[in-house]
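Visitor:
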Amino acid sequence: MRKPRTAAYVYLAVLSLLLAAGLAVEGARSAEVSADLTSRGVHAEATVVAVTQQIEDIEPSGGTRQWTDVTVSFIDAQGSRVRATREGSDSAKVGEKLRIVYDPQDPAHVDWGTAVDEGPLDWAFAAVSLLGCLIALAAVFRDVRRRETTTGRNSVSNGSRG
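Letter by letter, the sequence shown follows residues 94 to 255 in this note's numbering.
1) Leaving out five residues before and five after residue 143 in sequence, what residues of the same chain have Cβ atoms less than 8 Å from its Cβ?
2) To the nearest angstrom, report how far apart residue 108 and residue 242 are at their CA atoms.
3) Which of the three DSSP states is assigned to residue 176 in this structure?
4) Give me, in chain order, the residues of the same chain whose beta-carbon lies closer than 6 Å to that of residue 203; leave out the 5 immediate sequence neighbours on both sides.
5) Any heavy atom of the ligand ZN inside 7 Å of the beta-carbon of residue 235?
6) Of the residues 221, 197, 235, 105, which one's Cα is nearest the Cα of residue 132?
7) What did DSSP end up calling residue 187 once you bin it into helix, strand or coil?
8) For the beta strand (DSSP E) containing residue 166, name the first residue and the last one.
9) Which whole-angstrom value describes the C-beta separation of residue 221 and residue 200, a residue pair presumed to lie in contact below a C-beta threshold of 8 Å?
10) Just mark residue 205 as buried or exposed, buried being the case when its beta carbon has 16 or more other beta carbons within 10 Å.
11) Could you pull the DSSP bridge partners for residue 104 from this structure?
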């Protein structure tokens, strides 16, 4: 008979819950920043000045993560030229004109229609992590119930021997 791994499931549940909480906080922060930028941001026209494909090794799995950094240049309300880079669409082309919104207190903080907003992705991963937590907790309860059932059977069989 297989031994219950209750402690491992508890650790998995706790780690999943912590990961879900961290991702939810990151998603909320991203949504707050995005809403703040939308409400007080300044609209401008920007020109794409660089599109760079990025690749990062993911350790220890040995896989890679790929994304596209898009750099735009625009003139802010004070007349200063600003360059800003965000993760964006790999279909962006150098010289392309974009309507952007930027933070007047931090003009390098920009957003535009094809920029990648990772907030919804954070929420999705938080939901998956929470699901993992629930599955681990279900396994803990299953093991506890099995243990109680096994202990109850042993008590009954030990009592009937006397």
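Heads up, the beta-carbon is just placed ideally off N, CA and C, and yes, glycines get one too.
Guide: Result, derived from the coordinates:
1) 162, 163, 164, 178, 187
2) 28 Å
3) strand
4) 177, 193, 195
5) The ligand ZN is not part of this structure, which contains no ligands at all.
6) 197
7) coil
8) 156-168
9) Not confirmed; about 36 Å, so no contact.
10) buried
11) Its beta-bridge partners do not exist; DSSP assigns none.
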